[in-house]
Structure formats: structure tokens, C-alpha cells
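Novice:
Chains as they are written, first to last, in full-length UniProt numbering: chain A, 1 to 228; chain B, 1 to 228.
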């Protein structure tokens, strides 16, 4: 009997992690795909990305139901409870990351002057960086790796730098090419969305850190003990 | 003995609702205040709004700790469990609404040509509408009022219409006044943030509906029974 509950809990948490890994894989591909579609003005790919976002939403609901069932049936405590709560919150954040990708894909039809807008060429590198943060932070969650989570946070500055430089480049481009303003305004949002994906990956990293250690990452520098 | 647990649960859930009402009040005031500060170019008010966002963050952590303690100690089921989970998720959304207000406040210093940018005059009405949605959806949560939650969702279209019309007005303004492009680009984000506040209030409304009825709002039109 003693072995029953822990094993079942492990199976449940394994299922929970599997669902979140699936969500993360979809979100990561959606970000990269949306920015590629933007650059190639690929309306078919853009539509597919918008449609596939529904899969992420369905997975989020599955995570929520499973997490609530685990809490209700298994009454986990301490680290186990933190992990289930983290899974619930992380699923919500990954769903929002998927929404950003969908939002970028929805802007593809509006950018038909893609060959004239040079700043577009910077976006794929920024998208790759943001998508990698999402990938790595979910690996950190799967491995309960607090150090890896810190590493993800540290990369957010690079995404912010991309954004700040792009903002200036896009504003300059608008001033010099007033007839592209409508299209470039959409690109301001695309750049902002990618910056927000980086922020969300950072938030997830903080959740992973808390789930793994029981202390908040912000307390780390104030000399709090890391207890795992 | 039989009376002990329900009474304690009621006290806990009352505390949870009180914390969320506090968060909502702060977020609502921050949105209205940030847009006012923008219009008056009031740097002192803007700084105060940025600083006060920390209070919302602290309250969110309190909600999280309390919700996890309730689940762990009281093992609520069915409607009670749905309500605790909803509180946890709603706190996360209200925290993000606070972040949008903070982000708007941070843009105040960049808009020093506020007297020349006529579209600015539309923002307070849009901010009021979005802040009211936040107010009303948290009232609906406090009252477990599924019908009121539906009413909030229905108002999101008005916020979207404001946004779509503002986007066009701002792009036209940029074309006609190229030297204001840098400032007006910030206003595009402000308008987008307010539109997102409306979206988030709608998401909260869906959570309130689910917590109160046990069915998802999207299932309502497909003839699902509302069970309260």
C-alpha cells in the first residue's frame, strides 16, 4: 500500500510534464513559423499557425483538469504541491506565448510590402532567441533544474536589446518611408510580442526555480538558502 | 465538529476574495491613472503608478500562498475547489493588468508633445471602459454571478472597436506628422495595452463563469446545462 500513492503521483506528474512539453513544443514552433511566414508573406503557413493554436488551448485545459484532479485526489504537499501549482501556472503562460505566435501570424496578410522593409530581416534571429528561451525553460521544468532556470533569465536581456534597437530602426524606417507606416506599425507589435515571449519565458523560469527550491529567485541574491 | 471545516473554509475563501478585490481596486485605479498621467504629461503621477504596481505583485503572492494552503489543508472539492483554482488564476491575470498600467505609466516621459497629438484625447474614454470591465468582472467573481460575467464579455467588442479605430487614426497621424512618429508609436502600444486589458477581463469572466457553474462559457451556446 505504501508504494501505491507515490507511484501514482509520479505517473500523474509525469503525465502533467508530458502535456506541458507538448504545449511548449507547439508554442516554440509557432513562434519561429509565424516570423518565417511574415518574412515570406506565406498566407497559407500563417493560417495553419492560427488554426494550430487551438491545440495549445486544448492542452492547457487538460493540464488544468489533471492538476486539479491531482491536488484533489493525492493531496500533495511541499515540493510535490509546488510542482503541481507551477505546472498549472506554466500552462497558462505557454498558452499566452502561443497567443503571441497566433497574433504574429494574423498580421502576415497586412505585410505585403515585405521586400521593401529591411528591418524585417532582423526578426527571425530575435524569434529564434525567444523560442530557444521557451524551449530551454521547459527543459528546466522537466528536469527541476533551478540553475538552468537562472540561465534562461539571464538571456532575457539579449531579447530586450533586440527589441530596443528594432524599435528605433522601425521608427526611423517609418520617418523615411511614410507610405509603409501602416505595415511597419504591425511590425512594431511583432517585435513587442517577441520581447514579451522572452519576458514570459523569464516568468516561467522564476516559477521553475520556486517549484524546485521553495524559495523565490528574487530572494536568491539576498542570501536566502536554497532548499531542495 | 461538523461545522468547523465549512466555517473555516468560508473564512479562508472570504480572505481570498478580499485580497483579489484589493488587487482589482489597485489595478483599476492604475489603468485610469496611467492614461490621465499620459494626457497631462504628469511625470510624478506616472512614477507613483509604477511604484504602486509592487503592491499588486505582493498581493498576488499572498493569494497564491493562501490558495495553496486552502487546497492543502481543507481539500475542497467541486465548486469550492473550482473557486480556489479560479482565484489563483484570476490573481495572475489581475497582476498582468497591473503590468499593462505600469507599462503605460512608463511611457509618460516619452510623450512630451501631448498637446499636439489629438488622438490622445480618445484614450481616457477607452481606459475608463477597460477599467470598468475589470471592476465589474471582479464584482461578478465576488458574487459568483455567471450572468454578470457574460455581460462583461459582451462589452469587450466595444473596447476592440475603440482599438481598431485608434490604430487607423494613429497611423494617419504619423503619416501627416512624421516628426511625431516616435511618440505616436508609444501611443500605439498604449492603445493595444488597453485592448488587452479588455481581453484579460474577458478571460477572467470566463473563469468566473466556470467557477460558478462548472461549465465553460464556450459550451453555453452549444446547449450545455448550467449547473450551479
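Beta carbons are placed, not taken as given, at the ideal position from N, Cα and C, and that holds for glycine.
#1: Going by other Cβ atoms of all chains shown within 10 Å of its Cβ, with 16 needed for buried, is residue 155 of chain A buried or exposed?
#2: Please work out which residues of its chain come closer than 6 Å, Cβ to Cβ, to residue 12 of chain A, disregarding the five sequence neighbours upstream and downstream, and give them in chain order.
#3: Is there a Cβ of chain A sitting closer than 8 Å to that of residue 178 of chain B, yes or no?
#4: To be precise: take each residue of the region 53 to 72 of chain B, compare its Cβ to all Cβ atoms of chain A, and keep it if any distance is under 7 Å. Which residues remain?
#5: If we count the other Cβ atoms within 10 Å of its Cβ and call it buried at 16 or more, is residue 80 of chain B buried or exposed?
#6: Would you mind reading off the limits of the alpha helix (DSSP H) that contains residue 136 of chain B?
#7: Do you know offhand how far residue 209 of chain B's Cα is from residue 147 of chain B's?
#8: Give a yes or no on whether 8 Å exceeds the smallest Cβ distance from residue 174 of chain B to chain A.
#9: Among residues of its own chain, excluding the 5 on either side of residue 47 of chain B, which ones have a beta-carbon nearer than 8 Å to its beta-carbon?
#10: Exposed or buried, which one is residue 2 of chain B when buried takes at least 16 other CB atoms within 10 Å?
#11: Could you tell me if the beta carbon of residue 129 of chain B falls within a distance shorter than 7 Å of some heavy atom in the ligand MN?
#12: Grouping DSSP H, G and I as helix and E and B as strand, with all else coil, what is residue 212 of chain B?
#13: Does residue 27 of chain B get closer than 8 Å to chain A when you measure Cβ to Cβ?
#14: Tell me whether the region 124 to 133 of chain A and the region 52 to 68 of chain A touch, counting them as touching only if at least three CB pairs, one residue from each stretch, are closer than 8 Å.
#15: Helix, strand or coil, according to DSSP, for residue 177 of chain B in the structure here?
#16: Who are the near neighbours of residue 56 of chain A in its chain, counting only those whose CB is closer than 8 Å to its CB and skipping five residues on each side?
#17: Mapping the DSSP letters down to three states, classify residue 34 of chain B as helix, strand or coil.
#18: Express the C-alpha separation of residue 168 of chain A and residue 195 of chain A in angstroms, rounding to a whole number.
#19: Please tell me whether residue 181 of chain B has its Cβ less than 8 Å away from any Cβ of chain A.
#20: For my contact list, residue 114 of chain B and residue 41 of chain B are in at a C-beta cut-off of 8 Å; report their separation, rounded to the angstrom.
#21: CB-CB under 7 Å to residue 76 of chain B, same chain, minus the five flanking residues each way: which ones, in chain order?
#22: Would you mind telling me which residues of chain B sit closer than 9 Å to residue 89 of chain A, beta carbon to beta carbon, in chain order?
#23: For a contact meaning CB atoms closer than 7 Å, what does residue 188 of chain A contact in chain B?
#24: Look at the alpha carbon of residue 223 of chain A and the alpha carbon of residue 214 of chain A, and state the distance between them as a whole number of angstroms.
#25: Mind checking which residues open and close the alpha helix (DSSP H) that includes residue 112 of chain B?
#26: Pick from B/129, B/179, B/149 and B/136: whose alpha carbon is nearest that of residue 161 of chain B?
#27: What in chain A is Cβ-close to residue 192 of chain B, meaning under 9 Å?
#28: For residue 183 of chain B versus residue 67 of chain B, is the C-beta spacing smaller than 8 Å?
#29: Classify residue 58 of chain A as buried or exposed, calling it buried when 16 or more other Cβ atoms lie within 10 Å of its own Cβ.
#30: Could you tell me which of B/159, B/217, B/163 and B/121 sits nearest to residue 37 of chain B, measuring between CA atoms?
#31: Please determine, among A/151, A/108, A/175 and A/136, the residue with the shortest C-alpha to C-alpha distance to residue 33 of chain A.
#32: Shortest alpha-carbon distance to residue 89 of chain B belongs to which of B/72, B/192, B/62 and B/119?
Specialist: With the given structure in hand:
#1: Label assigned to residue 155 of chain A: buried.
#2: Correct list, in chain order: 70.
#3: Interface residue, yes.
#4: Listed in chain order, the positions of the region 53 to 72 of chain B with a beta carbon within less than 7 Å of a beta carbon of chain A are 68, 71 and 72.
#5: Buried, because 16 or more other Cβ atoms sit within 10 Å of the Cβ of residue 80 of chain B.
#6: Per DSSP, the continuous alpha helix (DSSP H) segment holding residue 136 of chain B begins and ends at 123 to 143.
#7: Their backbone Cα atoms lie some 8 Å apart in a straight line.
#8: Chain A, which has a Cβ nearer than 8 Å to the Cβ of residue 174 of chain B, makes this yes.
#9: The beta carbon of residue 47 of chain B sits closer than 8 Å to the beta carbons of 105 from its chain, once the five residues preceding and following it are set aside; these are given in chain order.
#10: Its pLDDT being 45, under 50, residue 2 of chain B is placed unreliably by the model, and nothing is read from it.
#11: For the ligand MN, the structure offers nothing, since it holds no ligand at all.
#12: Helix, per DSSP.
#13: Chain A places no beta carbon closer than 8 Å to that of residue 27 of chain B, leaving this residue out of the contacts.
#14: Short answer: they don't touch.
#15: Taken through DSSP and simplified to helix, strand or coil, residue 177 of chain B comes out as coil.
#16: Only 23, 26, 27, 30, 94, 95 and 98 meet the Cβ criterion.
#17: DSSP, reduced to helix, strand and coil, places residue 34 of chain B within a helical segment of the structure shown.
#18: Distance between the alpha carbons of residue 195 of chain A and residue 168 of chain A: 14 Å.
#19: For residue 181 of chain B, the nearest CB of chain A lies under 8 Å from its own CB, placing it at the interface with that chain.
#20: That belief holds up - the Cβ atoms of residue 114 of chain B and residue 41 of chain B are roughly 5 Å apart, short of 8 Å.
#21: Excluding residues within five positions, the ones whose Cβ falls inside 7 Å are 9, 70 and 84.
#22: Among the residues of chain B, those whose CB is under 9 Å from the CB of residue 89 of chain A are 64, 88, 89 and 92, following chain order.
#23: What residue 188 of chain A touches in chain B, judged by beta-carbon distance under 7 Å, is 185 and 188, going in chain order.
#24: Caution is warranted here: a pLDDT of 43 is assigned to residue 223 of chain A, below 50, making its placement in the model unreliable, and the coordinate value is therefore given only provisionally. Residue 223 of chain A and residue 214 of chain A have their C-alpha atoms spaced approximately 14 Å apart.
#25: Run containing residue 112 of chain B: none; DSSP gives neither H nor E here.
#26: The residue with the shortest Cα to Cα distance from residue 161 of chain B is B/129.
#27: Ordered by position in chain A, the residues that pass the 9 Å Cβ test against residue 192 of chain B are 189 and 192.
#28: Against a cut-off of 8 Å, the Cβ pair of residue 67 of chain B and residue 183 of chain B comes out as no contact.
#29: Exposed, since its Cβ has fewer than 16 Cβ neighbours within 10 Å.
#30: Distance check between residue 37 of chain B and each of B/159, B/217, B/163 and B/121 places B/121 closest, using alpha-carbon atoms only.
#31: With distances taken between CA atoms, residue 33 of chain A lies nearest to A/108 out of A/151, A/108, A/175 and A/136.
#32: Here the closest residue by C-alpha is B/62.
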